[in-house]
Amino acid sequence: MVIKPEYKNGVPMVTWKMYEDDYFDRHLVHEVIEKWAKEKPNEIAFYAVETKQEYTWKEFDENATSISLKLISMGIKKGDFIATSLPFLPEHIFLQYACFKIGAIHVPLDIRLKPTEVIRCLTLVKAKMYFHLGDTDYADFAALAEIVRDNLDFIEYFVQFSKPDEVIEEIGTAKIISAWEFAEDAHNIALQIKNGEHKELLEDFKKMHKNIQETDGCQVIYTTGSTGYPKPALISHQGITTQNLCVSLGFNMGENDIMLCNLPPSHVGGQAEQLMTPFFMGGKVVVMEIFKPDVSLESIQKYHVTIIGQIPALFNLEWRLPNYNTFNLSSLKFALYGGQSVGRPFLEKMKLMSPKFGSGDGLTELSGFCTYTPLDGTVDDILKGIGYAMPITPISIRDPMNEDFTAGKEKTKGEIGEICFSGPQVFLGYVSDEENTKKTISKDGWCYTGDLGSYDDEGLHFAGRSKLMIKPKGFNVYPPEVENFLMTALKDKVENIGVVGHEHEVFSEGIVAFVEKKKGKNLTENEVNKAAKGLAAYKRPSLVIILEYNDLPLNRLEKTDYVSLKNMATQKIKELRKNSGWDKK
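In terms of our numbering, the sequence shown opens at residue 45 and continues consecutively.
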């Protein structure tokens, strides 16, 4: 008999006992797919929007298994990192579940990253394989892969999603393979095994598959932390599947639901939340390769999507479409947002879009959502706070971490402090970064989120960020990363740079760069924007303000005065808004 959770403040109180007793057969991410492939093999698991294909649970599991066998034949072992620069192609989904089946660790990278950023990400995890696109309308990923190939010698295989005669040249020790050849080999190996061949390979697969533990890492999602640069957060099977259970029960997702997945695979929202949570309960997923507002709404209408979860910027882009009201969204029963705080006007629009809606706190280091607003919450309820924690992932408001890396003293109800969580959802640590791991996870198991807030009978309340993080479109951008990049690119003309965020109707937050010229030098906004093209698109300034030499405000410690910069940005944007010059796409 399934344990029914108790409800408190309109939120189910999911416990460890529930997870252990009632959901024991899906504690590993790939176990979820294997379970449904056995119980309902011919039912649809997911739809691929762009290719108009659909895949049953059986097809899903068989594709993942055949790729697992191919990976083993190439020497991939438990704990090896396999990186990807791919959108949510069906083949990408099969690949990541193939990694999970044999204990390899999937590392999805943002496809907007530039070569230097990709090289840094691959170096931190020492990826053994790198799967990437070829020359596309969006960008030339083959050229990017050539730069990676020429700079990194530890990658053993490059797998390019191009025809065999279009792959990059094989230079050095790394093998270059077409994804078409890779897929054909995987298919042939699976057929040959059915015919009694490759017995040793099959035994290796069975041993590796059996040797995976719930607490093993399975996926790395890059997140931005206190250092300002992306850090590889290693998430476990247990972290993801406990989050799946909590989100499913917290927002009433079941086997009959269909969820839209339109966030990128490099984002915990796209992975653990949008893709894996519906799978956990046996529901269906409608997968988009890349977000487009009109295609998102068309997909809701075509596939009768019941649940949508997005960051506020994406909702805004959809609502701003001139033909928004022509789409039939009547299938929606629940709309979920996360990643940004919002105001009453936003929630009123959500209320019109879906009969029920909600939010909560979530972050990569907690494998996704960790607080939940009441399922039947009103606009006023949700404005009061950002949800309640569940017993399986308890919350605590604390003093800063002690010098011995134990958690600081717990604050009293309603008192502002560091927002912390513990439990199975806490990530395993940052790969190759013990120092920042120690600063984030205390010795006694509390994960410091980097945010300040309080917790009371109305839930969690943010009081501000303990870091100067900017969150355009739901992505984390830390000012020093943008500042240092532009300083290097414009070193002959720039004395100093200060970067701050400001509220933006479309992107939630926009980036404002204050650029102080060197004495006697000329500099234009266009020059700064041109230099910024070396950054991923979401890290580029939405507004550049050129300052004369010695005009950048400094505080009493002779450091950049970010408070003054925020005030300056507010005044400038106030002027721009008079002529509709800020809140644009």
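Backbone N, C-alpha and C define an ideal beta-carbon position, used for all residues, glycine too.
Computed from a predicted structure; not experimentally measured.
Scanning the stretch 507-567 for uninterrupted beta strand (DSSP E) segments of 3 residues or longer gives 538-548, 552-561, listed from N- to C-terminal end. About 14 Å separates the beta carbons of residue 321 and residue 349, which is beyond the 8 Å limit, so they are not a contact pair.
In the structure shown, the three-state DSSP call for residue 157 is coil. Counting along the chain, the unbroken alpha helix (DSSP H) around residue 388 starts and ends at 388-397. Straight through space, the alpha carbons of residue 584 and residue 74 are spaced by roughly 37 Å. The Cβ atoms of residue 316 and residue 353 lie no closer than 9 Å to each other. Contact holds between the stretch 193-202 and the stretch 163-183, because three or more Cβ pairs, one in each stretch, are under 8 Å apart.
Taking the C-beta atoms as reference points, residue 256 is found nearer than 9 Å to residue 144. Per DSSP, the continuous beta strand (DSSP E) segment holding residue 222 begins and ends at 219-222. Out of 580, 581, 538, the CA that lies nearest to the CA of residue 589 is found in 538.
Taken in chain order, the unbroken stretches of alpha helix (DSSP H) that lie wholly in the stretch 454-509 and span 4 residues or more are 478-484. In the DSSP assignment, residue 98 falls within the unbroken beta strand (DSSP E) covering 97-100. By the C-beta criterion, the stretch 512-524 is judged not to be in contact with the stretch 458-469, since fewer than 3 inter-stretch pairs fall below 8 Å. The C-beta separation of residue 113 from residue 249 comes to about 6 Å, placing the pair in contact by the 8 Å criterion.
Taking 3 residues as the shortest admissible run, the stretch 563-621 contains the following complete beta strand (DSSP E) segments, listed from N- to C-terminal end: 587-591. In summary, residue 514 is buried, with 16 or more beta-carbon neighbours lying within 10 Å of its beta-carbon over all protein chains present. In summary, residue 405 is buried, with 16 or more beta-carbon neighbours lying within 10 Å of its beta-carbon over all protein chains present.
Distances from the alpha-carbon of residue 467 to those of 206, 492, 477, 479 put 492 closest. Rounded to the nearest whole angstrom, the CA to CA distance from residue 419 to residue 402 is 7 Å. Its Cα nearest to that of residue 95, the residue 133 stands out among 133, 125, 61, 606. Within the same chain, and ignoring the five residues on either side of residue 409 in sequence, the residues whose Cβ sits closer than 6 Å to its Cβ are 277, 471, 491.
Residue 165 sits in a helix when the DSSP states are folded into three classes. When DSSP states are grouped into helix, strand and coil, residue 234 belongs to the helix group. Membership of residue 188 in the alpha helix (DSSP H) is indicated by the continuous run 185-195. The alpha carbon of residue 445 has as its nearest neighbour, out of 413, 487, 281, the alpha carbon of 487. Relative to the Cα of residue 337, the nearest Cα in the group 364, 351, 329 belongs to 364.
Under the three-state reduction of DSSP, residue 171 is assigned to coil, being neither helix nor strand. The stretch 70-140 is shown to contain whole beta strand (DSSP E) runs of 3 or more residues at 88-92, 97-100, 125-129, in chain order. In the displayed model, residue 274 falls within a strand according to three-state DSSP. Here residue 580 has 154, 156, 157, 158, 161 as same chain residues with Cβ atoms under 7 Å from its own Cβ, once five neighbours each way along the sequence are excluded.
When 504, 334, 77, 102 are compared, the shortest CA-CA separation from residue 433 is found for 504. Residues 384, 514, 515, 516, 545, 546, 547 of the same chain have their beta carbon placed closer than 8 Å to that of residue 553, with the five preceding and five following residues left out of the count.
The alpha-carbon separation between residue 137 and residue 533 amounts to approximately 37 Å.
The C-alpha of residue 107 is placed about 14 Å away from the C-alpha of residue 88.
With 16 or more other Cβ atoms inside 10 Å of its own Cβ, residue 481 counts as buried. Contact between residue 324 and residue 70 holds, since their C-beta atoms are separated by about 6 Å, short of 8 Å.
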